[in-house]
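Only one structure is covered here, and it is reproduced in the block below.
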Amino acid sequence: MIRFILNRLLLLIPLLLVVSVLVFLLLRLGENDPAMSYLRLSRIPPSEQALAEVREQLGLNRPLVVQYFDWLGRALRMDFGLSYVTGAPVLDRLLYYLPNTLYLAGVSMLITLGLGLPLGVWSALRKDRWPDHFSRGLAFIGVSTPSFWLGFMLVFLFSIKLGWLPPLGMGSPLHVIMPAFSLSLMSLCINTRLIRTSMLEQMNARSVLYARIRGVLEKWVIGRHVLRNSLIPVVTAIGMHMGELLGGAVVVENVFAWPGVGRYAVSAIYNRDFPVMQCFLLMMTALFVVSNLLVDVLCAWLDPRLRYGKGAEL
Amino acid sequence: MRRYFKLMSAFILALALICPLSDLGQAGTPSGTLVYSHTSNVGPLNPHLYSPNQMFAQTMVYEPLVRYAEGGRIIPWLAEKWDKSADGREYTFFLRKDVVFSDGTPFDAEAVKKNVETVLSNAKKHSWLEMIAQIQPAQVVDAHTVKLVLKDPYYPLLQDLALVRPLRFLSPTGFPEGGKSTAEGLKAPIGTGPWVLRETKLGEYDLFVRNEKYWGAKPAMERLLIKVIPDPNSRAVAFETGEIDLIYGDGQINLDTFGRYSKDKRYQTKISPPLSTRCVAMNTKKGATKELPVRKAILHAVDKDSIIKGVFLGTELRADTLFPPTLPYCDLGLNPDGFDPAKAAKLLDEAGWKKTGTSGVRSRDGQTLTVDLCFLGKNAVHKSIAEVIQAQLMKVGMDVQLIGEEDDSFYKRQHMGEFDLIFNDTWGPPYDPHSFVGSWRVPSHADFQAQSGLPNKAKIDERISQVLVSVDEKARQDMYREILTSIHDQAVYLPLSYTTGLAVHGPNLENVGFGATEYEIPFEAMKKK
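Note that the protein sequences, when read in sequence, are chains S and L.
Note that this note's numbering has the first sequence beginning at 1, numbered continuously upward.
Note that this note's numbering has the second sequence beginning at 1001, numbered continuously upward.
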């Protein structure tokens, strides 16, 4: 198992390298010109002289290869450069905002699992009856609802009309409710459907039939045999949800003025702040890969078949 | 299942307990606090640098020697008076004696000298501003008198000194250690202005407090909290739920939302006097707009009043000239090229552009009359205006291709001259007219490129260089008349409207007014009941 984890972690190094090259090239091969953006933000007319001055200041007048290796050399020492716009160290700023995003994503994950599981189980146990229709309908609507729209609707209802919840910002525990719900709805709906399908599959498994023949109580059949086995695909999906939640945070954080890393990334995109975008994308890649690794480890731990079969080979 | 729910409740409780709690911002603000919002944090508030320092916040903390007032007047500020030598090269400023920085350090001639020195040591960063190329290091005459000597008799020195940056005054105690320049950073943002930056929480808010040592009228409110809200819709929600007290400025909310508030009795809405001019620049070197009759026809074919009514919901004023006549040297009595589609059609007919086919588009020698109109794709106002212009020019037989692009591509087109028609606003006071006109001499925004096909472009540029260093007031007026009349008569710009700033607040906020420029928000007068 340790070898398996080490292997996966080692694989992260070439992956991050490839991503860094791709991101570096994609940002620079387009029409984007950070010097023009800097002058626009500073309200300085973009004359040739001003553009040349800013390009020199930001190091943009050097060949691309030199720029990349210079950046890589410093990145290996955990120095991801200074923001073109603020002049502040990029990594410091991202690490400053990251806990807020992880907090939002964490609460969203709790909602996804906390509501998705009972809804999925309920739907499977009452298959083709109203609870099933209700949860399937909800899942259908939820998957098709854009998070920013849902965010504004929630704000309209709970902040403007009812005055129950604060509309934006971060502070008390109440502030996280609406952003977390807007962010998690899609994952929640996918999760509900996943659990339902998985439960229904397990209910037809031979082990379940034998348990019933043995006269095991129905609640034990469902709890010990069906539910436990149905959870494995759900754990696998957590890794996927992590990506959805971190990606979705980019939109939701803007709607709710949530001071997270996603909102910082959006402003960096608008301002052509390349160092911030590079570091953000690498950070997200690493987070995504590590969370999937954790999920794989968790699965292997939960499922003896993986541990003794496939896991042993690794 | 029960165990599961218990576990979940424990998790949620734990998260609620560990979640970051902030003392300010959302969970109720102390009384005596005015709450405003901005798209980003105000920045480190370095008075001598640009982005990410927000201009409106720089004016709250730092003050100039002289200040820009309505109608382009220059009034005394930290300097109570000044003398100008007969040759226009020497300015002696007599400083107020009752001014101290917010940390108690006296504001004197040495402080002025130190600030001028640090700005000049980074002259390259300010190459866009003629004043920096003109001034030499300040000379201390006595404790409260300084002299600025210029290389040429650059007349807009006072206007440039009034700008938000780069020449406002930081306390000598705020400079970085080791004699470094402020381009390396600040020790602390300490100025003489009415507000003091107390706390910044990145991505959340900036808190200012009243400068108790302020020499002028002290702010009515004790604290000013500026929340970070990037999205205009979220800002409107924050306003309606009482999270912020004030919406102020250009682009803070959508015009539809402003229209809704202006009809709502719970809110008070205000519109500022004209700021900059919203224009479309026409390329005199390229495409059909190369021809004067085509440019003149465009001026007559566009109904600005319908744009103001339909797009701006009446919040802006119609512009017929590049600069409003209220600006210095701009009251020239120029003839407005009013809305007259028949005249537009006649001009095109006379130029040989005839309607021949069934498409309604004019052509000449097998070439159709088509022009590009470039706009910022994400700018909803640009898009709406562009669509109206497209429809109105079609009525006189001109086909308009709309090109909506993102910022960099759009500004690159302006810079390189790759356009027939392109949105290009003036800069507004205090830059208009002298700084804006001064920028026409090199490619930067669309102006140089749009004018580059004019037969007298070289002459215009020469006049601009002369007017900026002219000593004689009468000669200066004549030269501005020559420059602006020539640009107007040759129809380089299609002026649409004079932009305005918008303000919305509730009945509990008093004395909400507008500053002389869009960068100054007079928070100090505002009072919450």
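Backbone N, C-alpha and C fix where the C-beta goes; we use that ideal spot for every residue, glycine too.
Please read these numbers as outputs of a predicted model, since none were measured by experiment.
Pairwise C-alpha distance: residue j and residue i
i, j, result
"residue 138 of chain S", "residue 128 of chain S", "14 Å"
"residue 1464 of chain L", "residue 1441 of chain L", "8 Å"
"residue 169 of chain S", "residue 1189 of chain L", "26 Å"
"residue 1520 of chain L", "residue 95 of chain S", "34 Å"
"residue 156 of chain S", "residue 1260 of chain L", "16 Å"
"residue 1017 of chain L", "residue 298 of chain S", "Legend: pLDDT at residue 1017 of chain L = 47, less than 50; position of this residue unreliable, value from coordinates given subsequently. Spanning the two alpha carbons is a distance of roughly 27 Å."
"residue 1473 of chain L", "residue 1088 of chain L", "11 Å"
"residue 162 of chain S", "residue 1220 of chain L", "33 Å"
"residue 1435 of chain L", "residue 1059 of chain L", "19 Å"
"residue 227 of chain S", "residue 216 of chain S", "15 Å"
"residue 1270 of chain L", "residue 1246 of chain L", "11 Å"
"residue 1185 of chain L", "residue 1431 of chain L", "27 Å"
"residue 1483 of chain L", "residue 1460 of chain L", "6 Å"
"residue 220 of chain S", "residue 184 of chain S", "31 Å"
"residue 271 of chain S", "residue 37 of chain S", "6 Å"
"residue 1480 of chain L", "residue 1268 of chain L", "40 Å"
Start and end residues, beta strand (DSSP E) containing residue i
i, result
"residue 1205 of chain L", "1205-1210"
"residue 978 of chain L", "There is simply no residue 978 of chain L to check, as chain L begins at 1001 and stops at 1529 in what is shown."
"residue 1405 of chain L", "1399-1405"
"residue 1423 of chain L", "1421-1423"
"residue 1195 of chain L", "1195-1201"
"residue 1268 of chain L", "1268-1271"
"residue 42 of chain S", "Where residue 42 of chain S is concerned, there is no enclosing beta strand (DSSP E), although the alpha helix (DSSP H) it sits in stretches over 34-42."
"residue 1252 of chain L", "Run containing residue 1252 of chain L: none; DSSP gives neither H nor E here."
"residue 1074 of chain L", "1073-1076"
"residue 1282 of chain L", "1277-1282"
"residue 1096 of chain L", "Looking at the DSSP string, residue 1096 of chain L is not in any beta strand (DSSP E), and its letter there is neither H nor E."
"residue 1451 of chain L", "Careful: residue 1451 of chain L lies outside any beta strand (DSSP E), inside the alpha helix (DSSP H) at 1446-1451."
"residue 1470 of chain L", "Taken as a continuous stretch (DSSP letters only), residue 1470 of chain L belongs to no beta strand (DSSP E), as it is neither H nor E."
"residue 155 of chain S", "Careful: residue 155 of chain S lies outside any beta strand (DSSP E) and carries neither H nor E."
Nearest candidate by alpha-carbon position, reference residue i, set the options
i, options, result
"residue 1409 of chain L", "L/1429, L/1430, L/1445", "L/1445"
"residue 1328 of chain L", "L/1261, L/1069, L/1351, L/1222", "L/1069"
"residue 248 of chain S", "S/102, S/8, S/217, S/290", "S/102"
"residue 231 of chain S", "S/135, S/171, S/200, S/44", "S/200"
"residue 1334 of chain L", "L/1154, L/1346, L/1321", "L/1321"
"residue 1390 of chain L", "L/1078, L/1093, L/1280", "L/1280"
"residue 1395 of chain L", "L/1416, L/1344, L/1431, L/1405", "L/1344"
"residue 1526 of chain L", "L/1194, L/1121, L/1124", "L/1194"
"residue 1273 of chain L", "L/1506, L/1076, L/1310, L/1497", "L/1497"
"residue 1082 of chain L", "L/1095, L/1523, L/1071", "L/1095"
"residue 1417 of chain L", "L/1160, L/1449, L/1400", "L/1449"
"residue 243 of chain S", "S/26, S/222, S/290", "S/290"
Below-8 Å beta-carbon distance, residue i vs any chain S residue
i, result
"residue 1121 of chain L", "no"
"residue 1173 of chain L", "no"
"residue 1443 of chain L", "yes"
"residue 1263 of chain L", "no"
Any C-beta of chain L under 8 Å from that of residue i
i, result
"residue 294 of chain S", "no"
"residue 86 of chain S", "yes"
"residue 207 of chain S", "no"
"residue 254 of chain S", "yes"
"residue 259 of chain S", "yes"
"residue 218 of chain S", "no"
"residue 152 of chain S", "yes"
"residue 226 of chain S", "no"
"residue 155 of chain S", "yes"
Bounding residues of the alpha helix (DSSP H) (the contiguous stretch that carries residue i)
i, result
"residue 120 of chain S", "90-125"
"residue 75 of chain S", "64-76"
"residue 301 of chain S", "274-302"
"residue 1309 of chain L", "1304-1310"
Contacts that residue i makes with chain A (C-beta to C-beta distance below 7 Å)
i, result
"residue 1128 of chain L", "Considering every chain present, this structure includes no chain A. Its protein chains are S and L."
- request: Can you give me, in chain order, the residues of the stretch 1381-1413 of chain L that have a beta carbon less than 9 Å from any beta carbon in chain S?
  value: Within the stretch 1381-1413 of chain L, the residues whose Cβ lies closer than 9 Å to some Cβ of chain S are 1405, 1406, 1407, 1408, 1409, 1411, 1412, listed in chain order.
field: Against chain L: residues of the stretch 20-43 of chain S by CB proximity under 8 Å
entry: Residues of the stretch 20-43 of chain S whose Cβ lies closer than 8 Å to any Cβ of chain L, in chain order: 31, 32, 33, 36, 37, 38, 40, 41, 42, 43.
task: Scan the stretch 1232-1244 of chain L for residues whose Cβ lies nearer than 8 Å to a Cβ of chain S and list them as they occur along the chain.
output: For the stretch 1232-1244 of chain L, which is checked against every Cβ of chain S, the residues closer than 8 Å are 1233, 1234, 1237, 1238, 1240, 1241, 1243.
Selection of the stretch 1031-1043 of chain L by Cβ proximity to chain S, strictly under 8 Å: Flagged, chain order: 1040, 1043.
- request: Check each residue of the stretch 1195-1229 of chain L: if its Cβ is closer than 9 Å to any Cβ of chain S, include it; give the result in chain order.
  value: From the stretch 1195-1229 of chain L, only 1201, 1202, 1203, 1204, 1205, 1227, 1228, 1229 have a Cβ closer than 9 Å to chain S.
- prompt: In the stretch 1044-1062 of chain L, which residues sit with their C-beta less than 7 Å from some C-beta in chain S, listed in chain order?
  reply: Correct list: 1050, 1051, 1052.
message: For the stretch 159-175 of chain S, list every residue whose C-beta sits within 8 Å of some C-beta in chain L, in sequence order.
response: Listed by position, the residues of the stretch 159-175 of chain S near chain L (Cβ gap below 8 Å) are 159, 160, 163, 166, 167, 168, 169, 170, 171, 172, 173, 175.
message: Under 9 Å, CB to CB, which of the residues in the stretch 258-288 of chain S have a partner in chain L?
response: The stretch 258-288 of chain S vs chain L, Cβ under 9 Å: 258, 259, 260, 263, 264, 266, 267, 270, 271, 272.
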